[in-house]
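In this note's numbering, the protein residues as written are 1340 to 1469.
Think of the CB as a built atom: it goes at the ideal place given N, C-alpha and C, for glycine as much as any other residue.
Predicted model only: the values in this text are computed from it and were never measured.
The next block holds one structure in the form of structure tokens; read it before the comments.
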């Protein structure tokens, strides 16, 4: 097979918060209790400890949730990169004249766990080969 190349472009996608950018702190009697949306609880707590001169066990941090599961998709470029990776695999499958599922299964040969997960997801979705 000949080398393959593709270029994918996406518009600027701002990495903005999904939740209000605010926080509440209650500091009294040598203790601090905070409620805020953060993806970096450990560094936030460490900063509060440093700034207030408290021990780590004197700081309680409550992470407020956005209400929707965003997880790793909230990274700087995971969704755009995934679009390019998966799109390119589809293009390679088309060049090989294979169903994209069959092509991906060949790429995952020797990875039984990955194959089982993919098979289960596709069965639940009702996917049929093209």
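Helix, strand or coil at residue i according to DSSP, with G and I counted as helix
{"i": "residue 1372", "result": "strand"}
{"i": "residue 1402", "result": "strand"}
{"i": "residue 1460", "result": "helix"}
{"i": "residue 1387", "result": "helix"}
{"i": "residue 1451", "result": "helix"}
{"i": "residue 1343", "result": "coil"}
{"i": "residue 1378", "result": "coil"}
{"i": "residue 1358", "result": "coil"}
Pair within 9 Å by beta-carbon distance, residue i and residue j
{"i": "residue 1437", "j": "residue 1447", "result": "no"}
{"i": "residue 1464", "j": "residue 1343", "result": "no"}
{"i": "residue 1375", "j": "residue 1399", "result": "no"}
{"i": "residue 1347", "j": "residue 1417", "result": "no"}
Element boundaries [beta strand (DSSP E), containing residue i]
{"i": "residue 1364", "result": "1363-1367"}
Continuous alpha helix (DSSP H) stretch holding residue i: start and end
{"i": "residue 1429", "result": "1417-1434"}
{"i": "residue 1443", "result": "1439-1446"}
Spatially closest choice to residue i from the options, by CA coordinates
{"i": "residue 1355", "options": "1451, 1405, 1442, 1467", "result": "1405"}
{"i": "residue 1369", "options": "1425, 1423, 1391", "result": "1391"}
{"i": "residue 1364", "options": "1417, 1346, 1388, 1349", "result": "1388"}
{"i": "residue 1358", "options": "1381, 1407, 1394", "result": "1407"}
{"i": "residue 1467", "options": "1347, 1441, 1379, 1452", "result": "1441"}
{"i": "residue 1393", "options": "1371, 1351, 1382", "result": "1371"}
{"i": "residue 1366", "options": "1450, 1397, 1379", "result": "1397"}
{"i": "residue 1469", "options": "1456, 1433, 1451", "result": "1433"}
Rounded distance between the beta-carbons of residue j and residue i, thought under 8 Å
{"i": "residue 1349", "j": "residue 1419", "result": "5 Å"}
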